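S.K.: The structure is given below, and queries will be raised subsequently.
In our numbering, the protein residues as written are 5 to 344.
Encoded structure:
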């Protein structure tokens with residue numbers, strides 16, 4: 005991950021001085037980076053061996069300052085009702101320092117923040133989407149909270165606006181009966197949705213009919229039949245991106261990892277939702293224990309519109325593998341958090 009490491013050609017004394025300037029300006033993350041790079045150079049230059057303990061002490065000081073900063077961020081986030089972010093900051097404190105006082109305060113706040121009131125519970129529940137497996141696919145849109153204040157057809161249009169543009173154009177002209185069945189599916193009214201799609205069989209494009217049925221069957225837990233229907237949709241229209249992505253998700257969730265990877269490779273080769281396919285590939289690599297492969301895939305996605313989704317997954321994976329310095333760099337650069 006050479007985009008994270010800043011290996012300068014400067015000497016250890018130069019890096020020490022630069023780090024001290026950053027510390028004086030309260031730029032603790034940048035200071036720590038300079039100190040860490042200086043410590044690495046000390047290992048290569050015998051003449052700088054005496055600076056090793058100095059760099060180690062400075063790194064500890066920068067980490068303490070970053071921990072203090074995260075404590076303040078946690079309290080501020082909690083005051084705004086953002087319990088999840090507050091807990092994230094407190095967990096990060098525990099990875100930054102061994103200072104007993106700071107750790108004690110972090111643990112105390114964690115205990116306090118782990119019992120949010122009902123308003124906080126609602127915030128967390130609304131923002132969660134358990135069926136997406138970490139991907140940014142269209143399936144998330146079907147789980148939107150129903151807005152009963154809208155007429156049904158307006159609500160249908162709101163749902164399909166979140167589909168890829170080409171699919172929105174297809175779905176916008178499928179008629180009222182299909183719209184009602186689609187709304188039923190979005191509300192997990194599975195039997196009503198299936199009956200509605202059956203009634204539309206003769207008027208729907210065949211690939212959409214089989215895709216929508218397969219999607220509902222997946223939600224009912226019938227993944228074997230869902231897979232058959234999704235493959236039939238793809239056979240009828242090999243360019244249907246929703247069918248491809250949902251097939252890959254179903255295979256992944258069924259632990260048919262190799263089959264899922266085969267579908268993903270086709271998606272990437274044919275430029276069918278390639279970034280979403282790569283995000284799912286990284287998730288599968290992580291699930292099968294290939295952490296280095298997953299890290300490399302997430303890093304590749306940092307240069308795409310899916311950078312934030314990739315960074316969130318990458319951050320968690322780096323923390324899990326004890327790569328706290330790399331995780332802090334990801335947090336700062338891609339997740340808009342400056343106190344790490």
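We put the beta carbon where it would ideally sit given N, CA and C, even for glycine. Given the structure is predicted, the values throughout are model-derived calculations rather than measurements.
Which word fits residue 195, buried or exposed, when buried means at least 16 other C-beta atoms lie within 10 angstroms of its C-beta?
M.R.: By the 10 Å Cβ count, residue 195 comes out exposed.
S.K.: If contact is defined by three or more beta carbon pairs under 8 Å, each pair taking one atom from either stretch, is the segment 86-95 in contact with the segment 58-68?
M.R.: No: the two stretches stay apart, fewer than three of their Cβ pairs being nearer than 8 Å.
S.K.: Should residue 309 and residue 274 be called a contact, given that it needs their Cβ atoms to be closer than 8 Å?
M.R.: Contact flag unset, no.
S.K.: Can the beta-carbon of residue 218 be found closer than 8 Å to that of residue 237?
M.R.: Result yes, Cβ atoms of residue 218 and residue 237 sit closer than 8 Å.
S.K.: In whole angstroms, what is the alpha-carbon distance linking residue 107 and residue 99?
M.R.: Computed Cα separation, rounded: 10 Å.
S.K.: Assign residue 312 to one of three DSSP states: helix, strand, or coil.
M.R.: DSSP places residue 312 in helix when its eight states are reduced to three.
S.K.: Does residue 277 come out as helix, strand or coil in the three-state DSSP assignment?
M.R.: The answer is coil: DSSP assigns residue 277 none of H, G, I, E or B.
S.K.: Restricting to Cα atoms, I'd like to know which of 66, 39 and 19 is closest to residue 30.
M.R.: The candidate whose alpha carbon is nearest that of residue 30 is 66.
S.K.: Among the candidates 316, 321 and 324, whose CA atom is the shortest distance from the CA of residue 335?
M.R.: Measuring from the Cα of residue 335, the nearest candidate turns out to be 316.
S.K.: Using only the alpha-carbon positions, how far apart do residue 178 and residue 208 sit?
M.R.: Each residue's Cα considered, the two are about 7 Å apart.
S.K.: Skipping 5 residues on each side, what residues in its chain have a beta carbon closer than 6 Å to that of residue 254?
M.R.: 222, 227, 230 and 231.
S.K.: List the whole-angstrom C-beta distance separating residue 277 from residue 249, where the pair is believed to meet the contact cut-off of C-beta under 8 Å.
M.R.: Indeed they touch by this definition, with Cβ atoms about 6 Å apart.
S.K.: Give every residue of the same chain whose Cβ lies closer than 8 Å to the Cβ of residue 261, excluding the five residues on either side of it in the sequence, and list them in chain order.
M.R.: Taken in chain order, the residues that qualify are 255, 288, 291 and 292.
S.K.: Thinking C-beta only, is residue 298 closer than 8 Å to residue 286?
M.R.: Their beta carbons are under 8 Å apart, which means residue 286 touches residue 298 by this criterion.
S.K.: Checking 8 Å against the spacing of the C-beta atoms, do residue 117 and residue 70 come in under that value?
M.R.: No. Outside cutoff.
S.K.: Would you check if the distance between the CB atom of residue 234 and the CB atom of residue 215 is smaller than 8 Å?
M.R.: Closer than 8 Å, so yes.
S.K.: Could you spell out the range, first to last residue, of the alpha helix (DSSP H) harbouring residue 301?
M.R.: Looking at the DSSP string, the run of the alpha helix (DSSP H) that includes residue 301 is 295-305.
S.K.: Suppose contacts are defined by Cβ-Cβ distances below 8 Å. Is residue 318 in contact with residue 303 by that definition?
M.R.: Against a cut-off of 8 Å, the Cβ pair of residue 303 and residue 318 comes out as a contact.
S.K.: Any idea what DSSP makes of residue 86, helix, strand or coil?
M.R.: In the structure shown, residue 86 sits in coil (DSSP, three-state: anything other than H, G, I, E or B).
S.K.: Between residue 345 and residue 157, which are expected to be in contact by the criterion C-beta below 8 Å, what is the C-beta distance as a whole number of angstroms?
M.R.: Residue 345 is absent from the structure shown; the chain starts at 5 and stops at 344.
S.K.: Please go through the same chain and pick out, in chain order, the residues whose beta-carbon is closer than 7 Å to the beta-carbon of residue 241, but skip the five residues on each side of it.
M.R.: So the qualifying residues of the chain are 211.
S.K.: What are the start and end residues of each continuous beta strand (DSSP E) run of 3 or more residues lying completely inside the segment 167-219, in chain order?
M.R.: Segments of the beta strand (DSSP E) lying fully in the segment 167-219: there are none.
S.K.: Of all the options 111, 160 and 171, which has the alpha carbon lying nearest to the alpha carbon of residue 78?
M.R.: Here the closest residue by C-alpha is 111.
S.K.: The alpha helix (DSSP H) with residue 259 in it runs from where to where?
M.R.: First-last for residue 259: undefined, no H or E at that position.
S.K.: Note down, in chain order, each residue of its chain lying with its Cβ closer than 6 Å to the Cβ of residue 3, except the 5 sequence neighbours on either side.
M.R.: Shown here, the chain extends from 5 to 344; a query on residue 3 therefore has no answer.
S.K.: Between which two residues does the alpha helix (DSSP H) containing residue 156 stretch?
M.R.: 156-164 is the extent of the alpha helix (DSSP H) around residue 156.
S.K.: Taking the alpha-carbon positions, what's the residue 251 to residue 264 distance?
M.R.: About 8 Å.
S.K.: Looking at residue 269 and the ligand FAD, is the gap between the Cβ and the nearest heavy atom below 7 Å?
M.R.: As far as ligands go, the structure on display features none, and thus does not contain the ligand FAD.
S.K.: How would you label residue 36, buried or exposed, when you count the other beta carbons within 10 angstroms and need 16 or more for buried?
M.R.: Buried is the call here.
S.K.: Checking 8 Å against the spacing of the C-beta atoms, do residue 167 and residue 175 come in under that value?
M.R.: Yes, these two residues count as a Cβ contact at 8 Å.
S.K.: For residue 88 versus residue 74, is the C-beta spacing smaller than 8 Å?
M.R.: No; because the gap between Cβ atoms is not below 8 Å, this pair is not in contact.
S.K.: Can you check whether the CB of residue 34 is closer than 8 Å to the CB of residue 26?
M.R.: Yes, these two residues count as a Cβ contact at 8 Å.
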